[in-house]
Ligand SMILES: Nc1nc2c(ncn2[C@@H]2O[C@H](COP(=O)(O)OP(=O)(O)O)[C@@H](O)[C@H]2O)c(=O)[nH]1
Ligand SMILES: [Mg+2]
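Residue numbers (this note's numbering): 3 to 472.
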């Protein structure tokens, strides 16, 4: 394994774990267990109802057709995709035991035990695309199969609290919906217990949005507009909403498109859009055979076929590039790495501090363990993690409190100006004045708090504004 880049948060936690290990042999074992969480990449879970396009998007992000999109048995099981060689798969049973699973050309075709006995499928693939975060594909929710919903629920929620061994321990979620999310989807998301900073909304199947490929409006533009409206509406639940055409990304990122496909598509130029779609339903062999047309629809969808024809004349590479640009996936990748993935890392660090707290509750050496957790919490490198911890507590206790919003801004914004809600070009003086005002505000708030969480959060806010005021 290559050494991960230096990360001050990890370094701070690692120091804490070393201090814990030095307290005694059994605590060294605990330090090792907790250290395993520290050194594995954060996990991002992809959720949404059946057929929302989750597996298609997972394939596109990984760059290989590994997640099942057909109605195979494996579709009904949670699957964890982690960077690693050699490519292999294990199933994790409900009791936490693991068993190897055979793969055929990268696909799991059958499970040796009934899916209801499987907590999740753990797959390793050598892929740089999933080096910074592990992706978790889930079966749909609230659909035809209540079975599937129960399974997703069990691994993601029940698994958190009860069976740690069988849990997939997700740190962030990508939530897919193809129109406005329904009440049951929002309720499910709330149960998962992520913060808006660790939840990304995806308006999926954007190429078919609204009236679809034949509508008056361009579906991708229409979807982008709707995504912006949803992002504002769902601000309390998601960091943002991005319009994505996963199918176009899957086709272009997995190398499925051939020069023959591009030639066949170009041969369909000059036909009106309505006539082209009529042609797809007919068995007329001209101008390209119907099975070729079928393949093109599977690869490109209706929008991709209608609008990709002109580009296709320039060949498969040009068409591929066009698909990537239309899909919205490059922007999604960037948000996954720099925002959602980063906050998932913060959440993971918070979980490690939580593990140390838990140990202090249950272990006889509680005072010494407390000293270690106090040390970790006061490390300046972990300040954002501590703010995040209070943000989580405030979201549970009183999401509408202005303290919650302040915490969110402090965690979400990387710069001092952003943390204080100032424009990026604000001067040092303006930063100081604003920090002092916020400090005064926090002191006033502290006189009349509504919850214990707010009490605790204000102590940290006051410290933070004090630091920013200097
Ligand atoms: N046109 C179009 N079809 C899509 C898109 N994403 C997924 N699909 C299709 O929708 C169906 C369900 O997708 P899948 O990824 O299996 O959904 P899941 O149940 O959420 O995993 C498949 O037939 C996909 O080809 C998209 O962005 N555009
Ligand atoms: Mg699926």
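Backbone N, C-alpha and C define an ideal beta-carbon position, used for all residues, glycine too.
Just to confirm, is the Cβ distance from residue i to residue j under 8 Å?
i: residue 207; j: residue 247; result: yes
i: residue 110; j: residue 131; result: no
i: residue 60; j: residue 139; result: yes
i: residue 241; j: residue 199; result: yes
i: residue 14; j: residue 383; result: yes
i: residue 133; j: residue 85; result: yes
i: residue 424; j: residue 432; result: yes
i: residue 305; j: residue 221; result: yes
i: residue 65; j: residue 255; result: yes
i: residue 460; j: residue 466; result: no
i: residue 137; j: residue 46; result: yes
i: residue 197; j: residue 397; result: yes
i: residue 122; j: residue 43; result: no
i: residue 303; j: residue 209; result: yes
i: residue 371; j: residue 361; result: yes
i: residue 128; j: residue 89; result: yes
i: residue 348; j: residue 387; result: yes
i: residue 178; j: residue 54; result: yes
i: residue 468; j: residue 441; result: yes
i: residue 25; j: residue 37; result: no
i: residue 30; j: residue 374; result: no
i: residue 298; j: residue 267; result: yes
i: residue 264; j: residue 317; result: yes
i: residue 82; j: residue 93; result: no
i: residue 378; j: residue 393; result: no
Could you check where the alpha helix (DSSP H) with residue i kicks off and where it finishes?
i: residue 411; result: 404-414
i: residue 267; result: 261-268
i: residue 451; result: Careful: residue 451 lies outside any alpha helix (DSSP H) and carries neither H nor E.
i: residue 186; result: 185-194
i: residue 356; result: 343-364
i: residue 227; result: 221-235
i: residue 25; result: Careful: residue 25 lies outside any alpha helix (DSSP H) and carries neither H nor E.
i: residue 329; result: 318-329
i: residue 386; result: 385-399
i: residue 472; result: Residue 472 -> no alpha helix (DSSP H), and no H or E assigned at all.
i: residue 209; result: No alpha helix (DSSP H) holds residue 209; DSSP gives it neither H nor E.
i: residue 276; result: 275-283
By the three-class DSSP mapping on this structure, what secondary structure does residue i have?
i: residue 127; result: strand
i: residue 245; result: strand
i: residue 289; result: coil
i: residue 101; result: strand
i: residue 54; result: coil
i: residue 121; result: strand
i: residue 425; result: coil
i: residue 296; result: helix
i: residue 378; result: helix
i: residue 133; result: coil
i: residue 116; result: coil
i: residue 40; result: helix
i: residue 70; result: coil
i: residue 216; result: coil
i: residue 256; result: coil
i: residue 420; result: helix
i: residue 60; result: helix
i: residue 367; result: coil
i: residue 9; result: coil
i: residue 165; result: Its pLDDT being 40, under 50, residue 165 is placed unreliably by the model, and nothing is read from it.
i: residue 18; result: helix
i: residue 306; result: helix
i: residue 240; result: coil
i: residue 79; result: coil
i: residue 464; result: helix
i: residue 455; result: helix
i: residue 431; result: helix
i: residue 312; result: helix
i: residue 146; result: Note on residue 146: pLDDT 43, under 50, position unreliable in the model; the coordinate value appears next. DSSP places residue 146 in coil when its eight states are reduced to three.
Have a look at the DSSP bridge pairing and note the partners of residue i.
i: residue 177; result: 49, 203
i: residue 85; result: 127
i: residue 337; result: The partner list for residue 337 (beta bridge, DSSP) is empty, contrary to what the question assumes.
i: residue 106; result: 109
Let's see if you can read the secondary structure: which residues bound the beta strand (DSSP E) around residue i?
i: residue 93; result: 90-95
i: residue 137; result: 136-139
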